[in-house]
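Working notes for the structure below.
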Amino acid sequence: MDKNLKEGYKVKNFKGETKRYVQALSLQDNPELIAAYRRIHSKEGIWPEILQGIKDSGILEMEIYILGTQLVMIVEMPADLDWDATMAKMGAGPRQAEWEEFVAQYQKAAPGQSSDEKWRMMERMFHLYD
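So for the sequence shown, numbering that gives the first Met the number 0 puts the first residue at 0; every next one is plus one.
Below is the structure:
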């Protein structure tokens with residue numbers, strides 16, 4: 000078990016105002032596929048072109064959390080960036096289409112879907128109100 004589960008995860012601080020998006024996606028219910036999906040998202044397994052494409056799109060931080068077959072992705076970006084334009088820029092990056100086709104085998108998604116089509120945007124229903 001990851002020691003951070005009880006200790007928490009450090010959050011980066013960014014200059015300027017940011018906004019956060021939270022999305023969900025389901026994986027195939029297959030322990031071997033889930034283990035492989037974890038490996039390809041590890042520091043050693045992720046394709047360098049994918050990491051660079053995320054950074055080049057303007058995204059400041061992207062985290063994926065897992066519980067069973069459910070994934071939650073948190074994306075933090077500058078407040079003045081447009082979500083659709085950012086996703087289009089990232090989707091046009093080197094090897095991005097190849098990556099999406101590759102990871103689709105692990106995900107419960109229709110063939111040929113882009114990342115933005117597979118991940119479902121989540122609605123915030125609570126926060127510490129001011």
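C-beta atoms are modelled at their ideal positions from N, C-alpha and C, and glycine is treated no differently.
Bear in mind that the values here come from a model prediction, so they are computed numbers and not experimental data.
query: Same chain, Cβ closer than 7 Å to residue 57, neighbours up to 5 away in sequence not counted; result: 76, 77, 80, 85
query: Assigned exposure category for residue 52 - 16 Cβ within 10 Å defines buried; result: buried
query: DSSP three-state assignment for residue 102, whether helix, strand or coil; result: helix
query: Terminal residues of the alpha helix (DSSP H) in which residue 88 lies; result: 82-90
query: Per-residue DSSP class, three states only, for residue 36; result: helix
query: Length of the line joining the Cα atoms of residue 29 and residue 129; result: 43 Å
query: Extent of the continuous alpha helix (DSSP H) to which residue 93 belongs; result: Unbroken run through residue 93: none, as it is neither H nor E.
query: Contact under 7 Å by Cβ, residue 124 with residue 22; result: no
query: Cβ pair count under 8 Å reaching 3, the stretch 58-73 against the stretch 7-27; result: yes
query: Given residue 15 as reference, the closest of 40, 1, 59 once Cα atoms are compared; result: 59
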